[in-house]
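Counting from 1, one number per residue, gives the positions in the sequence shown under this note's numbering.
All C-beta atoms in this analysis are idealised placements derived from N, C-alpha and C, irrespective of residue type, glycine included.
Quick caveat, the model's predicted, so the values are computed rather than measured.
Quick notes on the structure that follows.
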Amino acid sequence: MNSGPDANGPGRPAEQTRRTVEFPSAGAERADVRIRSLRTVPELQQADAVLRTVWNTPDIAEPPLALDVMCALAHTGGYVAAAYLGTAMVGVTAGFRTIGDSLHSHVAGVLPGMHGRGIGAAMKSHQREWAARAGLSSISWTYDPLIRRNAHFNLRRLGAVAEAYLPDFYGPLADGINDGDDSDRLFVSWPVHGTPHAPAPLPDLAAAEPVLEADGNGEPVPRAATGGVLRCVTPVDAESLRRTDPAAARRWRSAMRQALGGALENGYRIDGFDRSGWYVLRRKETSE
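Right under this line is the structure:
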């Protein structure tokens, strides 16, 4: 690569944008946040500290994205950016170009206590602008399908499209958040050009056949389901469950892989995510 996709080659001043962001599906949630690409080693060291805090990574463990990799990305035209409220760095996101004219957002995180302010949406907006200037057509990323707030943000607020279920995608992780759990992920894509997709209204959940639900004790219960429209529940708080009851978290992981991953393999696609915690799936031929 000859220069950074934001038209600032290595060593040139990075762009910065102050914006109030609202996606069409984002309701009234907004954030007055400044986003800018990172270039200098002190900035990237601060970004490393933010990511370690977000992921609760011990000093002796590997962070979600190594500092030397961030430095290399920033120098060679990759994407490394931070969100600021005032002078405080409150979020970091980084990614790399892929074959096929796409930006893959490898990591994105917002400091604890800063959720619900629209900072994540502002960072995705900045990624979109960056990718458009680079002549890219889409952005991809992965997320843990067990985590409700991430599913709602990615599928409902942003309108990203779930492409595949990836079992244990990263292998064993020891970054603080994911310790002791398989790293199953949903791979999603998001178009760069045009208006961000506003997801269509979901069908009545009562009319969808459950492929995974929870019993009265919060345990996962897979079901054999073959209808045209399915629903697949998520645990109420997968992150807390991983800390307080790792065995139960592993049972949910296995059940989600069987139910959601199995449905995608068998010709279903994810239509969206209901705020109450359900994925909604359709057979591909029923919605063509």
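Selection from the options that minimises the alpha carbon distance to residue i
| i | options | result |
| --- | --- | --- |
| S254 | A208, L155, D144 and S240 | D144 |
| L51 | A72, A83 and T76 | A83 |
| D168 | P203, S183, A162 and R156 | S183 |
| D274 | S140, R148 and G109 | R148 |
| V161 | S140, A151, V188 and N150 | V188 |
| L67 | L44, R257 and P222 | L44 |
| A131 | A49, T142, V221 and T98 | T98 |
| Q127 | V69, T93, H115 and G77 | T93 |
| G113 | E129, T234 and L85 | L85 |
| W141 | G116, H115, H152 and A108 | A108 |
| H152 | G116, Y165, E129 and A259 | G116 |
| P63 | G261, D48 and R39 | D48 |
| R39 | A81, D59 and A224 | A81 |
| L264 | R34, E163, G77 and R36 | E163 |
Residues of its chain near residue i, where Cβ-Cβ distance is below 8 Å and the 5 sequence neighbours each way are ignored
| i | result |
| --- | --- |
| A207 | V229 |
| V41 | C71 |
| L111 | V50, T53, V54, V90 and G91 |
| E285 | G267 |
| G171 | S183 |
| E219 | A248 and R251 |
| M256 | P145, L146, D184, L212, P220, C232 and T234 |
| P222 | V211, L212, A255, Q258 and A259 |
Residues near residue i by beta carbon distance below 6 Å, same chain, minus five either side
| i | result |
| --- | --- |
| S137 | D101 and V192 |
| G176 | Below a pLDDT of 50, predicted positions are generally treated as unreliable, and G176, at 49, falls in that range; the measurement from the model is reported next regardless. Excluding residues within five positions, the ones whose Cβ falls inside 6 Å are W55, N56 and T57. |
| A28 | Annotation note: pLDDT 28 at A28 (below 50); position unreliable, no value reported. |
| G95 | Y79, L103, H104, S105 and H106 |
| E288 | Low confidence applies here, because E288 scores a pLDDT of 47, under 50, leaving its location unreliable; read the following figure in that light. Same-chain partners within the cutoff: there are none. |
| A248 | L241 |
| T87 | none |
Beta carbon proximity, residue i to chain C, threshold 8 Å
| i | result |
| --- | --- |
| R242 | Here chain C cannot be found, since the structure has a single protein chain. |
Those residues which DSSP pairs with residue i across a bridge
| i | result |
| --- | --- |
| V233 | W278 |
| S37 | A81 |
| A259 | DSSP lists no partner for A259. |
| G95 | Y79 and S105 |
| E213 | V221 |
| G272 | V280 |
| R149 | None, per the DSSP bridge assignment. |
| A88 | L85 |
| V110 | G91 |
Own chain residues within Cβ distance below 7 Å of residue i, not counting five before or after
| i | result |
| --- | --- |
| R283 | G228, G267 and Y268 |
| G272 | L155, R156, P199, L202 and V280 |
| F23 | Only weak support exists for where F23 lies, its pLDDT of 37 falling under 50; the value from the coordinates is given anyway. Excluding residues within five positions, the ones whose Cβ falls inside 7 Å are A121, R157, L158 and P196. |
| V233 | L212, E213, A214, G277 and W278 |
Residue i - containing alpha helix (DSSP H), residue span
| i | result |
| --- | --- |
| E129 | I119 to R133 |
| E239 | A238 to T244 |
Residue i - containing beta strand (DSSP E), residue span
| i | result |
| --- | --- |
| E163 | V161 to L166 |
| R185 | R185 to P191 |
| T142 | S138 to Y143 |
Check: residue i C-beta below 7 Å from any heavy atom of the ligand GDP
| i | result |
| --- | --- |
| S240 | Absence of the ligand GDP is noted for the structure shown, with no ligands found whatsoever. |
Does the segment 209-216 come into contact with the segment 240-247, if we say contact requires no fewer than three beta-carbon pairs (one atom in each stretch) closer than 8 Å?
no
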